[in-house]
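Residue numbers (this note's numbering): 2 to 391.
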């Protein structure tokens, strides 16, 4: 089935401007000046994009697709994500991960869930492992998981500077990163080690030591939740200056003055003149958002949502913090480049047809995932296997 989006204004790192977009199957087959695509003799579904703004489908690089949580006991295990949760918010690609609980949740289940979501319409990848080191794997080692299993692109989320971590030594940290690097080299993948950062005072200490004491490139690791407090965020800015990448976490508006919203964080990064190309944003969706007191006792718990991801994108543009082109880069293109998700994160000839169309108020109107219409005129078409069919 062919689709033609006419006269839409494309925003992305390549700055295409107003174009007609021809989609053939799962790919973008042509980008041309309006009116120049003329195909006869075949059925084409036409979408009038003249009043719409096109950006690449969002890529969320940290999602608990099998559910996270569990810090407050069995009843606090968060639910699995549904394909509708993602596509209704413009997320067409996710990287799944485990978190605190690697006892009742398993990498093999994570892999199966990723495959299920792909069948239902998303593009999916996973990190092998969980908070703890040694970390759980599928084949017996992080290196072989990355090298041999198509969907495994790295290890994560491994916890550092957090009372829930296994308190790994620097040598254990380095060994994991080296395993990721070798697995990535052998498998032709990014092989990234993706680290959860808590509120502990050590912060990014191991990251800076890695640069000083080893030959491992700064791009082999990425810290997430870097905006959870101001001291950690300042360390994150120093990491960016060294050439590293950081991941910001969306979520409800901060209730603690030490927390930094994604919008504020992106504003500070841009104001400091640091490269936005080294920043990704993730939702931590379906993971728990626990609140602990000073004694480490759980006193509150909510669940992260994909809705916060979409809201952060809209707000950072509407508040004038980033241009639409810059926001598209941060919420899509950067993750595709950093994690080597080929064919993703751009609206260019030959790329996969993951396209979002917004109206001028930045309300999401259309979602195409690998060329398939998932949302039309703001109405979600996509349904999961066990979702109620209307």
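Glycine is no exception: its CB is placed at the ideal position from the N, C-alpha and C atoms.
Just so it is clear, the structure is predicted and the values come from calculations on it, not from any experiment.
- If you look at residue 45, you'll find it in the beta strand (DSSP E) that goes 45–49.
- In this model, residue 360 and residue 53 are separated by some 5 Å (Cα to Cα).
- The C-alpha of residue 274 lies about 29 Å from the C-alpha of residue 157.
- Note on geometry: alpha-carbon atoms of residue 23 and residue 239 lie some 43 Å from one another.
- Note that the C-beta distance between residue 134 and residue 173 is below 8 Å.
- Rounded to whole angstroms, the separation of the alpha carbons of residue 153 and residue 304 is 25 Å.
- DSSP places residue 29 inside the beta strand (DSSP E), whose first and last residues are 28–33.
- Burial is judged here by how many other beta carbons sit within 10 angstroms of a residue's own beta carbon; residue 47 has fewer than 16 and is exposed.
- Counting of Cβ neighbours within 10 angstroms places residue 352 among the buried residues, the total reaching 16 or more.
- In its chain, beyond the 5 residues on either side, 175, 178, 179, 182, 211 have a beta carbon closer than 8 Å to the beta carbon of residue 217.
- Shown here, residue 206 sits in a helix according to DSSP, grouped into three states.
- For residue 75, there is no enclosing alpha helix (DSSP H), as DSSP marks it with neither H nor E.
- Measuring C-alpha to C-alpha distances from residue 242 to each of 209, 228, 73, 33 identifies 209 as the nearest.
- Spatial neighbours of residue 5 in its own chain (CB-CB distance under 6 Å, excluding positions within 5 residues in sequence) are listed in chain order as 23, 45, 47.
- Under the 10 Å beta carbon count, residue 186 is surrounded by fewer than 16 other beta carbons and is classified as exposed.
- Burial is judged here by how many other beta carbons sit within 10 angstroms of a residue's own beta carbon; residue 138 has at least 16 and is buried.
- DSSP places residue 179 in no beta strand (DSSP E) but in the uninterrupted alpha helix (DSSP H) bounded by 171–188.
- In the DSSP assignment, residue 97 falls within the beta strand (DSSP E) that extends over 92–97.
- The shortest C-alpha to C-alpha distance from residue 131 to any of 288, 55, 259, 387 is the one to 288.
- The Cβ-Cβ distance between residue 148 and residue 358 does not fall below 8 Å.
- Between residue 106 and residue 67, the gap from beta carbon to beta carbon is short of 8 Å.
- Under the 10 Å beta carbon count, residue 213 is surrounded by fewer than 16 other beta carbons and is classified as exposed.
- By a beta-carbon distance limit of 8 Å, residue 127 does not contact residue 336. Their separation comes to about 14 Å.
- For a cut-off of 8 Å, the C-beta gap from residue 155 to residue 193 is around 4 Å, short enough to register as a contact.
- Distance from residue 224 to residue 244 at the Cβ level is roughly 14 Å; contact not present, criterion being Cβ atoms closer than 8 Å.
- From the listed residues 189, 10, 266, 163, the smallest Cα separation to residue 196 is found for 163.
- Taking 8 Å as the cut-off, the Cβ atoms of residue 78 and residue 49 do not count as close.
- A check of alpha carbon separations from residue 278 across 115, 249, 86 identifies 249 as the nearest.
- The distance from the Cβ of residue 84 to that of residue 383 is about 6 Å, consistent with a contact at the 8 Å cut-off.
- Per DSSP, residue 377 is one residue of the beta strand (DSSP E) stretching across 373–377.
- Nearest to residue 62 by alpha-carbon distance, out of 284, 343, 71, is 284.
- Annotation: the continuous alpha helix (DSSP H) that includes residue 84 extends over 84–88.
- Beyond the five residues adjoining it in sequence on each side, residue 89 comes within less than 6 Å, by CB distance, of 381 in the same chain, given in chain order.
- Residue 57 sits away from residue 324, with the two beta carbons spaced by 8 Å or more.
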